[in-house]
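A short write-up of the structure that comes next.
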Amino acid sequence: MCARRLTSCVKVFDPTTLKTRIEELQKLTVQQDFWSSDNAHEVNREISLLQSRLDKIETSQNELLELEAIAELLSEVDDAELNSEFYSKSAAMAKSIEAYQILVLLDGEFDSGDAIMTIHAGAGGLDSQDWAEMLYRMYLRWAESNKFTVKLIDELSNQEAGIKSVTISISGDYAYGYLKGEQGVHRLVRISPFDSAKRRHTSFASIEVVPVLPDSVEVEIRTEDLKVDTYRSSGAGGQYVNMTDSAIRITHMPSGIVVSCQTERSQHMNRATAMQVLRSKLFEQTLNERQAQLDNIQGEKRTVAWGSQIRSYTLQPFQLIKDHRSGCEIGNVQAVLDGDLDELIMSYLRYVKTGKLQNGSDS
């Protein structure tokens, strides 16, 4: 079984092809003007990712040879210690191969890079704002457990409870690939802690996820299309908040996109970060518009669109999380809210890959 699965992975991540690509990129790094070029960081990152894949495949190939040798010995002699070693190594190898198969699902143009996530509380006042903060905590816990780095870009909190909106960057290998399926509307059903009558309420929060674009990707932004405002940080306080009017809000007037940053140390740095977010959002908007035109021509409806309800979290009268696209259901709601999102994320990626994605808006 392991041999067949490893062979399948090797076909996808052909070692010879990986080596050739690594050599091509390494030749670029020795050119005289490489380190001053805009794409130096992206080239080095690609080398690192490809080398990591190559090392894992070569290690697994060696481990498979060891397993075959142990299996041959076991066919000749019944040894309890050797048998235990065989099953232990088989389990470890199966886990490694499963990790390779996940990479097959993360093959989008920007999947290997970082992500920018924005969470907006929906209509509904305190309940929705509290729900937005619960989601924020959930993604922070998930990122921490998966060794991703999170940076706060902008936060609009409510003094009484919850947050109105928050924007963060999540950095690490394949951050965008894992998180891109979280975009959409998340629904919470529970007994409201803000309702003295203890009635059941439904709250909504929307999530937007865009890739952090490499410098090599061109996005046209004209200075005359921008309205730039400075203001004092409105965060909750602490080390991230500036006490001067260094926070930046940029409005791209043709599209209506508004981005803000208040957590950097200077107005210049806040502006640079805000422009990075704006580039990503404008690029994503352009892609969505092109897809909408294509769908219109082909008479198709996108199954995953901004504004579609993708997932429900029910706390009362029973506990259940259901992804309306993949059909994945989880009864341990608290574990998910504590950051255990992997099953939901992987179920979405698998359904997208197999073409069995369901229409969440009808569920």
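Just so we're aligned, residue 276 is where the sequence shown starts under this note's numbering, counting upward by one. We treat Cβ as the ideally placed atom computed from N, Cα and C, and that holds for glycine.
Inset, instruction - Pick out whichever of Lys628, Ile445 and Ala610 has its Cα sitting closest to the Cα of valine 552. - result: Ile445
Inset, instruction - Would you check if the distance between the CB atom of isoleucine 297 and the CB atom of isoleucine 322 is smaller than 7 Å? - result: yes
Inset, instruction - Pick out whichever of Val534, Pro489, Thr538 and Gln609 has its Cα sitting closest to the Cα of alanine 549. - result: Nearest option by C-alpha distance: Val534.
Inset, instruction - Would you list the residues sitting across from threonine 393 in a DSSP beta bridge? - result: When DSSP reads this structure, threonine 393 sits in a beta bridge with Thr442 and Glu483.
Inset, instruction - Could you have a look at histidine 599 and say whether DSSP puts it in helix, strand or coil? - result: Of the three classes helix, strand and coil, the one that applies to histidine 599 here is coil, per DSSP.
Inset, instruction - Drop a sphere of 10 angstroms on the beta-carbon of tyrosine 412, count the other beta-carbons inside from all chains shown, and report buried for 16 or more, exposed for fewer. - result: Here the sequence assigns arginine to residue 412, which means tyrosine is not the residue at that position. By the neighbour-count criterion, in which 16 or more other beta carbons inside 10 Å mark a residue as buried, arginine 412 falls on the exposed side.
Inset, instruction - Taking 7 Å as the cut-off, decide whether the C-beta atoms of valine 441 and glutamate 457 are in contact. - result: no
Inset, instruction - Quickly, what does DSSP pair glutamine 584 with across the bridge? List them, please. - result: Val460
Inset, instruction - Would you kindly report the start and end of the unbroken beta strand (DSSP E) that includes threonine 505? - result: 501 to 506 is the span of the beta strand (DSSP E), which, as asked, contains threonine 505.
Legend entry - Sufficient close CB pairs (3 or more, under 8 Å) joining the stretch 605 to 620 to the stretch 485 to 505: Contact fails: fewer than three Cβ-Cβ distances are below 8 Å.
Legend entry - For isoleucine 443 and leucine 463, believed in contact at Cβ under 8 Å, the rounded distance: At roughly 20 Å, the Cβ-Cβ gap does not stay under 8 Å, so leucine 463 and isoleucine 443 are not in contact.
Legend entry - Buried or exposed (CB count within 10 angstroms, at least 16 for buried), valine 460: buried
Legend entry - Close beta carbons around threonine 681, own chain, < 6 Å, minus the five adjacent residues each side: Because the chain spans 276 through 638 in this model, residue 681 falls outside it and cannot be assessed.
Inset, instruction - Return the CA-CA distance between glycine 397 and alanine 547, expressed in angstroms with no decimal places. - result: Approximately 28 Å, taken between the alpha carbons.
Inset, instruction - Work out the CA separation of threonine 505 and valine 318 for me, nearest whole Å. - result: Approximately 35 Å between the Cα atoms of the pair.
Inset, instruction - Count the C-beta pairs between the stretch 461 to 480 and the stretch 402 to 411 that are closer than 8 Å, then say yes if the count reaches three, no if not. - result: yes
Inset, instruction - Kindly list the residues whose CB is nearer than 6 Å to the CB of glutamate 435, restricted to its own chain and excluding five residues on each side of it in sequence; keep chain order. - result: Closer than 6 Å at the Cβ level, and outside the excluded window around glutamate 435, lies no residue.
Inset, instruction - Compute the Euclidean distance between the alpha carbons of leucine 454 and glycine 447, then round it to the nearest angstrom. - result: Glycine 447 has its alpha-carbon roughly 12 Å from the corresponding atom of leucine 454.
Legend entry - Exposure of tyrosine 449, with buried meaning 16 or more beta-carbon neighbours within 10 Å: buried
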